[in-house]
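Colleague: Sequence lines, in order, name chains C and G. My numbering puts the first residue of the first sequence at 1, with every later residue one more than the last. My numbering puts the first residue of the second sequence at 235, with every later residue one more than the last. Ideal Cβ placement from N, Cα and C applies to all residues, glycine included. Everything numeric in this text was worked out from a predicted model, so none of it was measured. Have a look at this one.
Number of protein chains: 2
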Amino acid sequence: MGSTQGRRERLRAETTAEIKQVALKLMATGGPDAITLRAIAREMGMTANAIYGYFATRDELVTTLINEVYTALADAVDAAWAESSAAGPADRIRTWARAFRVWALANPEGFRLIYGDPVPGYQAPEGGPAPDAAYRVCTGIAALADTAWPHVGHSHAASDFQWSDFDDGLLGKVRPAFPGLPPAGLALALRIWARLHGLVSLEIYGHLRGQTVSPDKLFEEELVQLVRSLGIRT
Amino acid sequence: MGSTQGRRERLRAETTAEIKQVALKLMATGGPDAITLRAIAREMGMTANAIYGYFATRDELVTTLINEVYTALADAVDAAWAESSAAGPADRIRTWARAFRVWALANPEGFRLIYGDPVPGYQAPEGGPAPDAAYRVCTGIAALADTAWPHVGHSHAASDFQWSDFDDGLLGKVRPAFPGLPPAGLALALRIWARLHGLVSLEIYGHLRGQTVSPDKLFEEELVQLVRSLGIRT
DNA sequence: GAGGAGACTATACGGCGTGAAGTTTTTATA
DNA sequence: TATAAAAACTTCACGCCGTATAGTCTCCTC
């Protein structure tokens, strides 16, 4: 009957997918707090314990979700990056940054899941979650810096970072992909990321409400100043 | 018999203080998730329900804690600001920023409480929490911009923000204190804040781990570039 | 010393994650 | 095809949580 290895595994995969999908729906509806095994099971007409056949623990489910959502973010910014391949460095950086913010605003719960305290008592299992997607986003910000680097003002290049200032972790793995990027360039990548993250996370967590009515304008101004501070000559 | 209004109220105030203190201790120990009425009561040799005599609900307790912690942060940055009153704008900005980061690193749970998803199902009651402390921190960042403004490069002044781009909320109340600060200056204040917040929150939430081994250096470099990008002539 | 207010406990409900044991359904094998 | 194994799923249970209701005890006041 079915394909290789039979239909048992197909059903299993479908159920696994449904669990994740229902969990994401619950998150979109009621925030990350709404991700409970019992609620998911209720929604699926199952018992909460049945989920343990698919995920060893609730935190493992959450980790999987983080991976899933993180991948969606990586897809979004990668797509924007690819589409702007013909543009100059300043435009590419702006495009990437806008894609990042647009995704975050469209998926605020996902953003919280990735970058905030995800879910009530969540503890990331060994090695932390989402290494693949994190690697991709990390590659993205390194690509930003790599694109800008040849055009960047000398003040950025003057900073005295060493290779030893960076972990062998994510950036260490990303590094070989950008042979032209020196330590100061990696530092620049992190700082660009932080600038974008700062504004977006303030907006997502509502700390800009009560401050400004036009976060778009503020973000665009920040992009103008970011590109300007890089010293890129257009 | 105690002072005005008797000792009954004094005991009450002491118990209230102890509840908050125990809650903060639990938070420091086991993270924001550890703030549970039952755990607090256990620690105090009481019943969980006894706490309802002091706080109407768990969220009200959390709101109070946020206020408390937020005030501590405001105290820290205000103190740094006051101490640097004799310095130039660049130094004052750096001093404030360092105080912000130092406080955050010393009180990571507090930082999460203020700027992240505080506690499992927490919903801020009407009006949101911590208006006073938020006002003070808001005043702080406005003061940063106000100090920098007269020395700031023309590119920042050129941005076309209007008064109508800002809420009547926090910044609206802060505005009168800085009559020399135009709309573009308020925008600058928010952007400076966001830059600092971005780097610090990435660090607090562990997203810089696996990236760099020297967040200090990265932060200092960001300060150098921040001051530089402001165009302040020293 | 009687009344009342305030502080606290007891009990209970529903929701949570999860462990242990049991039941039903499907698959693989003799 | 009959049967044993494995997988899927349920039931029951435990301890945690916030919180509502009702009851108890203690102290202050008149």
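For Asn283(G), is the classification buried or exposed, using 16 other Cβ atoms within 10 angstroms of its Cβ as the cut-off for buried?
Modeller: exposed
Colleague: Nearest to Asn67(C) by CA position, among Ser85(C), Phe111(C), Trp96(C), Arg12(C), is which residue?
Modeller: Checked all of Ser85(C), Phe111(C), Trp96(C), Arg12(C); the closest Cα to Asn67(C) is Phe111(C).
Colleague: Whose C-alpha, out of Arg326(G), Ser435(G), Gln459(G), Thr329(G), is nearest the C-alpha of Ser155(C)?
Modeller: Gln459(G)
Colleague: Check the C-beta distance from Leu436(G) over to Ala194(C) and give it rounded, since I have them as a contact under 8 Å.
Modeller: Under the criterion of beta carbons closer than 8 Å, Leu436(G) and Ala194(C) qualify as touching, at roughly 6 Å.
Colleague: Are the Cβ atoms of Gln123(C) and Asp59(C) separated by less than 8 Å?
Modeller: yes
Colleague: Are the C-beta atoms of Arg467(G) and some chain C residue less than 8 Å apart?
Modeller: no
Colleague: Looking at Thr373(G): is its Cβ nearer than 8 Å to the Cβ of Arg326(G)?
Modeller: no
Colleague: Would you say Leu181(C) touches the ligand GTP, meaning its beta carbon is less than 7 Å from a heavy atom?
Modeller: As for the ligand GTP, it is missing from this structure, which has no ligand bound.
Colleague: Shorter than 8 Å from the beta carbon of Asp167(C) to some beta carbon of chain G?
Modeller: yes
Colleague: Can at least three beta-carbon pairs, one atom from the region 298-318 of chain G and one from the region 255-263 of chain G, be found at a separation below 8 Å?
Modeller: yes
Colleague: Can you tell me which of Tyr205(C), Pro183(C), Ala189(C), Thr57(C) puts its alpha carbon nearest to the alpha carbon of Ser164(C)?
Modeller: Pro183(C)
Colleague: Assign Thr329(G) to one of three DSSP states: helix, strand, or coil.
Modeller: helix
Colleague: By Cβ distance, which residues of its chain are closer than 6 Å to Thr16(C), with the 5 residues on each side in sequence left out?
Modeller: Tyr54
Colleague: Say whether chain C places a C-beta atom closer than 8 Å to the C-beta of Lys254(G).
Modeller: no
Colleague: Is the shortest distance between the beta-carbon of Glu221(C) and the beta-carbons of chain G less than 8 Å?
Modeller: yes
Colleague: For a contact defined as C-beta to C-beta under 7 Å, what are the partners of Asp312(G) on chain C?
Modeller: In chain order: nothing, as chain C lies at least about 19 Å away.
Colleague: Starting from the C-beta of Gly387(G), find all residues in its chain whose C-beta is less than 7 Å away, skip the five residues before and the five after it, and write them out in chain order.
Modeller: The residues are Leu464, Gly465.
Colleague: Assess, as a yes-or-no matter, whether the region 91-105 of chain C is touched by the region 211-226 of chain C under the definition of 3 or more beta carbon pairs within less than 8 Å.
Modeller: yes
Colleague: Buried or exposed: where does Asp351(G) fall if 16 or more other Cβ atoms within 10 Å of its Cβ makes it buried?
Modeller: buried
Colleague: What residues from the region 150-164 of chain C come within 8 Å of chain G, judged by C-beta to C-beta, listed N to C?
Modeller: Ser155, His156, Ser159, Phe161, Ser164
Colleague: Taking the straight line between their C-alpha atoms, what separation do you get for Glu317(G) and Gly444(G)?
Modeller: Whole-angstrom Cα-Cα distance: 35 Å.
Colleague: For Leu260(G) and chain C, any beta-carbon pair shorter than 8 Å?
Modeller: no
Colleague: Using DSSP's beta-bridge definition, name the partner residues of Phe395(G).
Modeller: For Phe395(G), DSSP assigns no beta-bridge partner whatsoever.
Colleague: Can you find a C-beta in chain G that's less than 8 Å from the C-beta of Gly198(C)?
Modeller: yes
Colleague: Does the beta carbon of Asp132(C) sit closer than 8 Å to a beta carbon anywhere in chain G?
Modeller: So no, Asp132(C) is outside the interface.
Colleague: How would you call Pro230(G), buried or exposed, if buried means at least 16 neighbouring beta carbons within 10 angstroms?
Modeller: For residue 230(G) there is no data in the structure shown, the boundaries of chain G being 235 and 468.
Colleague: On the criterion of 16 or more Cβ atoms from any shown chain inside 10 Å, does Leu295(G) qualify as buried, or is it exposed?
Modeller: buried
Colleague: Any beta-carbon of chain C closer than 8 Å to the one on Gly419(G)?
Modeller: no
Colleague: Mapping the DSSP letters down to three states, classify Thr36(C) as helix, strand or coil.
Modeller: coil
Colleague: Give me whichever residues DSSP pairs with Phe166(C) in a beta bridge.
Modeller: Partner(s): Thr446(G).
Colleague: Whole angstroms is fine: what's the gap from Pro32(C)'s alpha carbon to Asp160(C)'s?
Modeller: Cα to Cα, the separation comes out at about 41 Å.
Colleague: Taking the alpha carbon of Arg94(C) as the reference point, which residue from Leu196(C), Thr212(C), Asn107(C), Tyr115(C) has its own alpha carbon closest?
Modeller: Residue Leu196(C) is the option with its Cα nearest to Arg94(C).
Colleague: On the DSSP letters alone, give me the boundaries of the alpha helix (DSSP H) that Trp193(C) sits inside.
Modeller: Start and end: 183-204.
Colleague: Please tell me whether Leu378(G) has its Cβ less than 8 Å away from any Cβ of chain C.
Modeller: Taking 8 Å as the threshold, the shortest C-beta distance from Leu378(G) to chain C does not fall below it.
Colleague: Checking contacts by CB at 8 Å: is Val227(C) closer than that to chain G?
Modeller: no
Colleague: At a CB distance below 7 Å, what residues from the region 285-312 of chain G approach chain C? Give them in sequence order.
Modeller: none
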